[in-house]
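Take 108 as the starting number for the sequence shown in my numbering and just add one per residue. For reference, the structure discussed in these notes is given below.
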Amino acid sequence: MSVEEARKRGFPPVVNPDVRLLVLGSLPGDASLAAAQYYGHPRNGFWRLIGAVIDHDLVALPYEQRLAGLLAAGIGLWDVHAEAVRPGSLDAAIKDAADNDLLGLIATLPRLRAVAFNGGAAAKAGTRLLSGSGLALAPLPSSSPAHAALGFEAKRKAWLGLRGWLKP
């Protein structure tokens, strides 16, 4: 596989002016890219976890309705990296990353209170990019099925801490 074949490009942000919490991943994995959907791997726990945060079963909904449910709850989605070389889907394989303009995006979100990072790779890169932003930065355990060190209930408990930033 050539370097260009392994170069992956992410999706546009899912935001509106009412977003109070922005959840950032690192870069979509192969299953997500193939489905053209954030967190498209059927075993990724993201939709169950974020659904628990907003008390809404997002898994049962079509993708566009999942996104609408997040926005209605004040949650936006994007990734730290715009593109990178990454054979496979593991964050540890990300090389030569080009970052998204996170500061540019947050400047368009007047109600934004916090940025949460889905996993360690997103937290490390995102904290570097947003350390002077004045926003609360919240690292979370990865929703990826590859991150099996924590069970779902332990991840759920950590993710439920996001609720405080969603209150009006």
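For glycine and all other residues, C-beta sits at the position ideal for the given N, C-alpha and C. Computed from a prediction, not measured in an experiment: that's the story for all the values here.
Review point. What three-state label does DSSP hand Ala221 in the structure shown?
Key: Strand, per DSSP.
Practice item. Please classify Asp203: does DSSP put it in a helix, a strand, or coil? Key: Assigned with DSSP and collapsed to three states, Asp203 falls in strand.
Exercise for review: Kindly indicate the opening and closing residues of the alpha helix (DSSP H) around Val160.
Suggested key: Its alpha helix (DSSP H) spans residues Phe153 to Ile161.
Practice item. State the beta-bridge partners of Lys115 as determined by DSSP. Key: Answer is Ala191.
**Study point:** Lys115 versus Pro217: straight-line alpha-carbon distance, rounded
**Key:** One C-alpha to the other measures close to 30 Å.
Check your understanding: Who pairs with Ile182 in a beta bridge, going by DSSP?
Key -> Partner(s): Leu128.
Review point. So Ala229 and Gly152 are in contact, right, with Cβ under 8 Å, and what is the actual spacing, rounded?
Key: Their Cβ separation, rounded to whole angstroms, is 15 Å, which puts Ala229 and Gly152 out of contact at 8 Å.
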